[in-house]
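Below is one structure, written out as structure tokens; comments come after it.
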Amino acid sequence: MAKRRLAGRAVSTPPPPSGIAPGKNGCYAHGGVATAELTLSLLGPPAQLLEVGSNPAMGVLRGPSVGNKEQTEHGRQSGGGAHWKEAMRRDRIMQTEIEIEASAETIWKVLLDFPSYPRWNPFLRSISGEARPKARLTLRVCAPQAPPVGMTAEILQIEPFRELLWVCHLLLPGLLDGEHRFLLEMEGPKRVLLRHEETFHGLLLPLLWPFLEPRTRRGFEAMNLALKRRAEADRA
Numbered sequence: 002m003a004k005r006r007l008a009g010r011a012v013s014t015p016p017p018p019s020g021i022a023p024g025k026n027g028c029y030a031h032g033g034v035a036t037a038e039l040t041l042s043l044l045g046p047p048a049q050l051l052e053v054g055s056n057p058a059m060g061v062l063r064g065p066s067v068g069n070k071e072q073t074e075h076g077r078q079s080g081g082g083a084h085w086k087e088a089m090r091r092d093r094i095m096q097t098e099i100e101i102e103a104s105a106e107t108i109w110k111v112l113l114d115f116p117s118y119p120r121w122n123p124f125l126r127s128i129s130g131e132a133r134p135k136a137r138l139t140l141r142v143c144a145p146q147a148p149p150v151g152m153t154a155e156i157l158q159i160e161p162f163r164e165l166l167w168v169c170h171l172l173l174p175g176l177l178d179g180e181h182r183f184l185l186e187m188e189g190p191k192r193v194l195l196r197h198e199e200t201f202h203g204l205l206l207p208l209l210w211p212f213l214e215p216r217t218r219r220g221f222e223a224m225n226l227a228l229k230r231r232a233e234a235d236r237a
């Protein structure tokens, strides 16, 4: 058991499984799940997050600066608190897509074969649970440049060969929630446009979005490409 220092404290890191080398982001096909606390510690203190989140291009509103009494008082007088509450209520939508040269049936079979995820999926390293409506799932997510994170989810909708939708939570519902959706659109007998998207909301979203968005997007895109390769290989 190795130890490394992170955010001012030592963190134990399990050794890699036998015969499996770590990837660039430190994720293993069968490695342990990092806690959400460890993930949040990577993102820095709230004051720093507010400063980073002030970029309008990221879709996040800036709250009163911590430790600046003049700006804080001005924010109270001008209704800054109301603006910040409004920002916390806003959803963020992440959308990706990819064309796959395979039938919807083939792609659907790959998507719902949860036990096989560790063998090909670089983003959703594992899913435990049944593929049915209202089923509870346990996810292990490994975004680029971030430790694995364990999350719980509930399947909201399954439409065979068309749509898979679940909602997942970080720690507790309402802190950071995501509605994760796979939508298959037929473009031909053996060609499908896969839309892979997620709608995020929750109290922590305005703080975490500047870090969450780029890492999660790269994870989605990596999974899309891996799914394409696996589905097209199965077709062949």
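Take 2 as the starting number for the sequence shown in the numbering used here and just add one per residue. All C-beta atoms in this analysis are idealised placements derived from N, C-alpha and C, irrespective of residue type, glycine included. Every value quoted in this text rests on a predicted model; they were computed, and no experiment measured them.
For Pro134 versus Ser127, is the C-beta distance shorter than 8 angstroms? Here the question's residue 134 lines up with position 133 in the sequence shown. Here the question's residue 127 lines up with position 126 in the sequence shown. Against a cut-off of 8 angstroms, the Cβ pair of Ser127 and Pro134 comes out as no contact.
Can you tell me which of Pro145, Phe124, Gly175, Lys110 puts its alpha carbon nearest to the alpha carbon of Ala132? Sequence index remark: in the sequence shown, residue 132 carries index 131 (1-based). Here the closest residue by C-alpha is Lys110.
Compute the Euclidean distance between the alpha carbons of Arg216 and Leu204, then round it to the nearest angstrom. In the sequence shown, counting from the first residue as 1, residue 216 sits at position 215. In the sequence shown, counting from the first residue as 1, residue 204 sits at position 203. Cα to Cα, the separation comes out at about 19 angstroms.
DSSP beta-bridge partners of Gly189: For the purposes of this step, residue 189 is taken as the residue at position 188 of the sequence shown. For Gly189, which the question treats as bridged, DSSP gives the partners Arg192.
What do you get for Glu160, buried or exposed, if any count of 16 or more other CB atoms within 10 angstroms of its CB means buried? On the sequence shown, residue 160 is found 159 positions in, with the first residue counted as 1. Its Cβ having fewer than 16 others within 10 Å, Glu160 is exposed.
Terminal residues of the continuous beta strand (DSSP E) containing Gly233? Reading the sequence shown from its first residue, position 232 is the one you call residue 233. Just to set this straight, residue 233 is Glu in the shown sequence, not Gly. Segment 206-236 is the alpha helix (DSSP H) holding Glu233; no beta strand (DSSP E) there.
Would you call the CB atoms of Leu177 and Leu125 closer than 8 angstroms? One-based indexing of the sequence shown puts residue 177 at position 176. One-based indexing of the sequence shown puts residue 125 at position 124. Contact flag unset, no.
Is it right to say Ile94 is buried, meaning 16 or more other beta carbons lie within 10 angstroms of its own, or is it exposed? Position 93 of the sequence shown, counting from 1, holds the residue named residue 94. Under this definition Ile94 is an exposed residue.
Can you list, in chain order, the residues of its chain with a C-beta nearer than 6 angstroms to that of Ala154? Leave out the 5 residues immediately preceding and following it. One-based indexing of the sequence shown puts residue 154 at position 153. Only Leu138, Leu140, Trp167, Cys169 meet the Cβ criterion.
Tell me the rounded alpha-carbon separation between Pro145 and Gly220. As a first step, residue 145 is located in the sequence shown; it is residue number 144 there, counting from the start. As a first step, residue 220 is located in the sequence shown; it is residue number 219 there, counting from the start. Straight-line Cα distance between these residues: approximately 6 angstroms.
If I measure Cβ to Cβ from Ala227 and keep anything under 7 angstroms in the same chain, skipping five residues before and after, which residues do I get? Position 226 of the sequence shown holds residue 227. The answer, listed in chain order, is Trp121, Asn122, Pro123.
Is the beta carbon of Phe201 sitting closer than 8 angstroms to the one on Asp92? Residue mapping note: residue 201 aligns to position 200 of the sequence shown, counting from 1. Residue mapping note: residue 92 aligns to position 91 of the sequence shown, counting from 1. A contact, by the Cβ cut-off of 8 angstroms.
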